[in-house]
Structures are given as structure tokens and as C-alpha cells.
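*Asks:* After the C-alpha cells below, expect a handful of questions from me.
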Amino acid sequence: MTTEEGSFRATVLTLYPEMFPGPLGVSLAGKALQDGAWSLQTVQIREFATDKHRMVDDTPAGGGAGMVMKPDVLARAVDHVADGRPKLFMSPRGKPLTQARVRELAAGSGVVLLCGRFEGVDERLIEARDFEEVSIGDYILSGGETAAIVVLDAIVRLLPGVMGNALSGETESFETGLLEHPHYTKPQEWEGRRIPDVLLSGNHGAIDKWRRGEAERLTRERRPDLWEAHKAPSKK
Ligand code: SAH
């Protein structure tokens with residue numbers, strides 16, 4: 028895959044390169060990939076195994092179930108591509124990904140994403156290569172690949188020129204610290220349900236006020252954690 032000067036470069040270290048670009052090859056992200064707004068390189072970790080069985084994992088020190096990815100093999104794969112871009116290890120123990128972190132990453136030159144499999148990776152690799160551990164939520168996936176796809180999807184849509192309607196990015200959930208207001212479109216009445224009158228009034232002041240009120244109501248009801256943070260003095 029080609030890399031254009033100045034475009035965002037994503038490198039994914041994985042045992043399953045065939046999972047990429049996957050969903051990232053379609054729609055907005057896929058078009059942006061084709062247009063060179065970002066580039067995607069996959070690295071097969073197994074190519075950095077040196078023994079004759081190409082072993083990438085081994086039994087856990089101290090015993091127990093499952094296998095652990097080997098630090099020496101992973102380090103060779105990382106060192107082959109690392110060039111100062113942030114290095115993220117997909118991990119349920121990581122800091123939950125936020126829109127704020129996504130924005131920071133999108134403003135940089137790219138990312139290197141390491142996808143775990145089995146029980147995870149040797150802890151020394153994370154320390155020695157200074158990986159930031161990133162979680163996409165409090166549940167366990169079978170591997171880091173789907174998490175990496177989520178991270179890249181969130182980043183790519185923020186890259187310059189990727190989203191047609193730039194404004195829609197700014198009013199979305201989390202960008203304001205609030206969940207977004209509800210949306211409606213034609214027909215005006217559907218299965219006996221009408222679009223709220225205010226949205227058909229043409230009164231933009233009233234519409235903005237209604238949307239703001241709904242955003243606050245939804246955030247209060249569904250995400251008290253976000254609501255508290257939104258009201259906190261430090262956020263003003
Ligand atoms: N034994 C680990 C889970 C391993 S799941 C534990 O209990 O914490 C295998 C791999 O899937 C992980 O190494 C990680 O790369 C990926 N993964 C699983 N859940 C994830 C999540 N919520 N966010 C990001 N990556 C995840």
C-alpha cells in the first residue's frame with residue numbers, strides 16, 4: 028500500500044492481516060484510503076518469529092490457562108516499523124478510548140497499533156517499547172483486531188477532507204460533552220407519530236433551544252457520569 032507525504036499513516040501489527048482493511052475499506056474510510064487521506068500497512072507478526080515452527084506465543088510463566096505472545100518476536104515486529112508515531116496496544120486493561128484522545132491522535136502523523144491474541148502479550152514488551160494501552164470498552168474481545176478497526180474508524184473520519192459535512196462532526200455526541208439530540212426526517216407523520224412541531228416551525232432560535240434541552244435531558248437520564256463532568260466547574 029502506498030503512503031502519501033503528509034497523510035496519516037496507520038500500521039497494524041497482527042497475526043491476522045487478512046482482517047484489514049475490512050470495514051475500513053468501505054464507505055467514508057474506504058474512499059479516504061483510496062484518495063490517500065490515510066494509508067494502512069499491516070505487519071504479520073509471525074514473520075518475525077525465528078524458530079523453525081514460527082512460534083509467536085508460549086505458555087504463561089507461573090502456570091495457568093492460555094498462551095502469551097512472546098516479547099522477543101513482538102519487539103522485532105515493532106522495531107521494524109516504529110518511527111516516533113504513538114504506539115497503542117489494544118487491551119481491555121487499557122485506558123478507555125475517548126473522543127478527546129481520538130482527536131489528538133488524528134492530529135498527529137499516524138499510529139502503530141498492536142493487536143493481542145490469546146491471553147495477551149508479555150508485560151515486558153509493553154514496558155520496554157512504551158506502549159499506551161487502549162481499551163474500547165469493558166468487555167473481552169477474541170483479539171485486538173476489531174478494537175484496532177474501531178480506533179482507526181474513529182480517527183479516520185476526523186482527518187481533513189474525509190467527512191463531507193464538517194459541521195456534523197462538531198455537534199455529535201461527546202464533542203460537546205453531551206449526548207446528541209434526537210433526529211427526525213420526512214415523512215412528517217409516520218405510524219401515527221409526528222415530528223415535534225418546533226422542528227417544523229422554521230424558528231432557528233427555538234430549534235436550537237429544543238435540541239440543547241433534549242441533549243441535556245438524554246445525557247442526564249442515560250449518562251449521569253457525563254452529566255456530572257459537563258456541569259463540573261473545571262469544564263466551564
Ligand atoms: N486475558 C486478557 C484478555 C485477552 S483477549 C484479560 O483478561 O485482560 C485477547 C486480546 O484481545 C487482547 O490482548 C487485546 O489485544 C484484545 N482485546 C480484548 N478485549 C479488548 C478491549 N475491550 N479493548 C481492546 N482490546 C481488547
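28 is the number of the first residue of the sequence shown in our numbering; add one for each residue after it.
The beta-carbon is built from N, C-alpha and C at its ideal position, and this holds for glycine as well.
The structure presented is a predicted model; accordingly, all values stated were derived computationally and were not measured.
Can we say the stretch 160 to 176 touches the stretch 123 to 140, given the rule of at least three CB pairs closer than 8 Å?
*Replies:* Contact holds: three or more Cβ-Cβ distances are below 8 Å.
*Asks:* Comparing C-alpha positions only, which one of Tyr43, Met46, Glu45 and Leu60 sits nearest to Leu186?
*Replies:* Here the question's residue 186 lines up with position 159 in the sequence shown. Checking every option, the nearest Cα to that of Leu186 belongs to Leu60.
*Asks:* Using the DSSP secondary-structure output, state which residues sit across from Phe35 in a beta bridge.
*Replies:* For this step, residue 35 is matched to residue 8 along the sequence shown. Phe35 is bridged to Trp65.
*Asks:* Buried or exposed, going by whether 16 or more other CB atoms sit within 10 Å of the CB of Thr198?
*Replies:* Here residue 198 is taken as the residue at index 171 of the sequence shown, counted from 1. Counting Cβ neighbours within 10 Å, Thr198 comes out exposed, since fewer than 16 surround it.
*Asks:* For the ligand SAH, enumerate in chain order all residues having a CB closer than 6 Å to any of its heavy atoms.
*Replies:* Chain-ordered list of matching residues: Met117, Ser118, Pro119, Arg120, Cys142, Gly143, Arg144, Glu146, Gly147, Ser162, Ile163, Gly164, Tyr166, Ile167, Leu168, Gly170, Gly171 and Ala174.
*Asks:* Does the structure place the stretch 227 to 244 close enough to the stretch 200 to 214 that three or more beta carbon pairs sit under 8 Å?
*Replies:* Segments in contact, yes.
*Asks:* Count Cβ pairs between the stretch 172 to 189 and the stretch 47 to 61 that sit closer than 8 Å; are there 3 or more?
*Replies:* In short, these stretches touch, since the Cβ pair count reaches three.
*Asks:* What do you get for Thr77, buried or exposed, if any count of 16 or more other CB atoms within 10 angstroms of its CB means buried?
*Replies:* Here residue 77 corresponds to residue number 50 of the sequence shown, with the count starting at 1. Counting Cβ neighbours within 10 Å, Thr77 comes out exposed, since fewer than 16 surround it.
*Asks:* In angstroms, rounded to a whole number, what distance separates the CA positions of Ser54 and Leu179?
*Replies:* Here the question's residue 54 lines up with position 27 in the sequence shown. Here the question's residue 179 lines up with position 152 in the sequence shown. Straight-line Cα distance between these residues: approximately 14 Å.
*Asks:* Of the choices Pro87, Glu218 and Trp254, whose alpha-carbon is the least far from that of Phe17?
*Replies:* A query on residue 17 cannot be resolved here, the shown segment of the chain reaching from 28 to 263 and no further.
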